[in-house]
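Here is the structure we will look at, set down as structure tokens.
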Amino acid sequence: MEKTVNQKKKVSFNELWQKYGTFGILVLLLVILGAIKPESLFIADSVPQILNQSSVNILLALGEFFAILIAGIDLSVGSVAALVGVIVAKMMVAGVSPLAAIFMGIVIGAFIGFLNGALVNSTGLHPFIITLGTQAIFRGITLVLSNARSVFGFPASFTVGISSSVLGIPVSVFIALLMAVILGFFTIKTRAGRNIYALGGNSEAAWFSGINVKLHTLIVFIISGLCAGLAGIVLLGRVGAAEPGAATGFETYAIAASIIGGTSFFGGKGKIFGVVMGGLIIGVINYGMTVMVVPSSYQQIVMGALIIGSVALDRFVASKK
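Per full-length UniProt numbering, the sequence shown starts with residue 1, numbered consecutively.
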């Protein structure tokens with residue numbers, strides 16, 4: 001009887017951590033930042049700034065989430081965001097309407113994701129190897145297309161539309177949340193979404209149960225590319241110019257947001273809500289370090305430590321089941 005009670009306590013602890021752990025980390029960070037820099041946190045502009053910084057992280061993390069969910073990874077998301085940003089900017093400069101350019105940018109992002117997935121399927125190599133290579137390829141294409149220079153001069157309506165706010169909340173945040181809702185519905189209510197979870201849990205068992213592994217791998221990378229393309233468009237609107245070096249290193253933020261949000265690096269476990277919380281945590285950390293005038297190099301150290309700590313914590317919690 002005593003053993004059964006102890007087992008229930010352990011299960012309840014795991015469930016409690018999975019449900020509220022990420023939210024608890026976010027609250028803790030806000031408390032720490034509020035104690036250290038109250039004059040920077042408790043001001044009218046702080047929340048919109050944090051949300052605005054988090055929007056790109058959330059979009060990239062949503063795509064990364066699916067790659068990690070199948071025990072893979074997508075290291076090319078930052079390069080894809082930069083490439084799509086340059087392409088969309090050049091189209092608008094050439095006279096294409098902003099709406100048409102945005103639509104084409106999203107399609108191009110999805111197509112790039114399709115290429116990643118097709119390479120993974122055709123070569124049989126781990127996504128780490130494929131996306132490590134395509135990361136460099138897409139960044140190189142970005143530099144060639146832009147001639148290694150910023151692209152600007154597109155309609156002001158595009159920048160104003162992306163960078164504006166509704167009820168004090170940046171439009172970019174609504175874009176990220178809408179994408180999160182759509183993908184959340186996809187993971188919970190569709191067969192393909194449930195199959196992706198099964199594929200991440202055990203790819204061999206998923207294959208024996210009749211799941212088309214290659215098709216769902218392709219879907220995963222299409223989603224990742226689409227989200228990265230959308231992130232590139234949002235970043236373009238925020239900055240007001242397409243920088244060939246934009247989103248460099250942002251794959252680290254995306255991975256960190258996914259893992260901190262409760263996505264298992266070993267596949268088959270994670271939720272969209274947790275990824276959104278993870279993106280907000282990254283946004284709070286970046287904002288906190290900025291207001292405390294911490295050099296960007298130290299921010300990279302913190303992100304790396306967060307990834308290691310989050311994966312170690314995930315393994316620790318899993319071992320306590």
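From the three backbone atoms N, C-alpha and C, an ideal C-beta is built for every residue, glycine too. All values reported here derive from a predicted model rather than from experimental measurement.
The alpha helix (DSSP H) enclosing residue i, as first and last residue numbers
| i | result |
| --- | --- |
| VAL80 | 77 to 93 |
| SER40 | 38 to 41 |
| ILE211 | Neither: ILE211 is in no alpha helix (DSSP H) and is coded neither H nor E. |
| PHE152 | First-last for PHE152: undefined, no H or E at that position. |
| ASN57 | 46 to 69 |
| PHE265 | Careful: PHE265 lies outside any alpha helix (DSSP H) and carries neither H nor E. |
| ALA110 | 98 to 123 |
| ILE281 | 272 to 291 |
| ILE73 | No alpha helix (DSSP H) holds ILE73; DSSP gives it neither H nor E. |
| ASN202 | Taken as a continuous stretch (DSSP letters only), ASN202 belongs to no alpha helix (DSSP H), as it is neither H nor E. |
Distance CB(residue i)-CB(residue j) smaller than 8 Å
| i | j | result |
| --- | --- | --- |
| ILE222 | ALA89 | no |
| PHE174 | VAL181 | no |
| residue 323 | GLY274 | Here the chain has residues from 1 to 321 only, and residue 323 is not among them. |
| VAL80 | PHE154 | no |
| ALA247 | GLY232 | yes |
| ALA256 | LEU177 | no |
| ALA67 | GLY279 | no |
| LEU33 | LEU41 | yes |
| LEU226 | GLY113 | yes |
| LEU99 | MET179 | no |
| ILE108 | LEU119 | no |
| THR217 | ASN121 | yes |
| MET292 | PHE23 | no |
| GLY249 | GLY78 | yes |
| LEU145 | VAL84 | no |
| GLY245 | PRO48 | no |
| ILE285 | VAL302 | yes |
| VAL311 | PHE265 | yes |
Top-ranked residue by Cα proximity to residue i, from the options
| i | options | result |
| --- | --- | --- |
| LEU69 | ASN212, ASN195 and LEU83 | ASN195 |
| ASN116 | GLN135, SER40, GLU251 and VAL275 | GLN135 |
| ALA242 | THR142, TYR287, ALA228 and GLN299 | THR142 |
| GLY72 | TYR298, PHE158, ILE259 and ASP45 | ILE259 |
| GLY267 | GLY200, VAL27, LEU236 and HIS216 | GLY200 |
| VAL213 | GLY225, LEU226, CYS227 and ALA198 | ALA198 |
| LYS37 | GLY304, MET289, TRP207 and ALA312 | MET289 |
| ASP45 | ASP74, PRO170, LEU28 and SER310 | PRO170 |
| LEU75 | VAL293, SER157 and GLU64 | GLU64 |
| GLY210 | ALA192, ILE219 and SER224 | ALA192 |
| ASN57 | PHE208, GLY168 and SER172 | SER172 |
| GLY184 | PHE316, GLY270 and GLY21 | GLY270 |
| PHE158 | GLY133, PHE208, LEU125 and VAL93 | VAL93 |
| ILE188 | PHE152, ILE272 and GLY21 | ILE272 |
| ALA82 | PHE265, GLN53 and VAL239 | VAL239 |
| ASN52 | SER310, SER164 and GLU204 | SER164 |
Sheet register partners of residue i (DSSP bridge)
| i | result |
| --- | --- |
| VAL166 | ILE169 |
| ALA242 | VAL151 |
Check: Is the region 93 to 104 close to the region 289 to 306, with three or more CB pairs under 8 Å?
Finding: no
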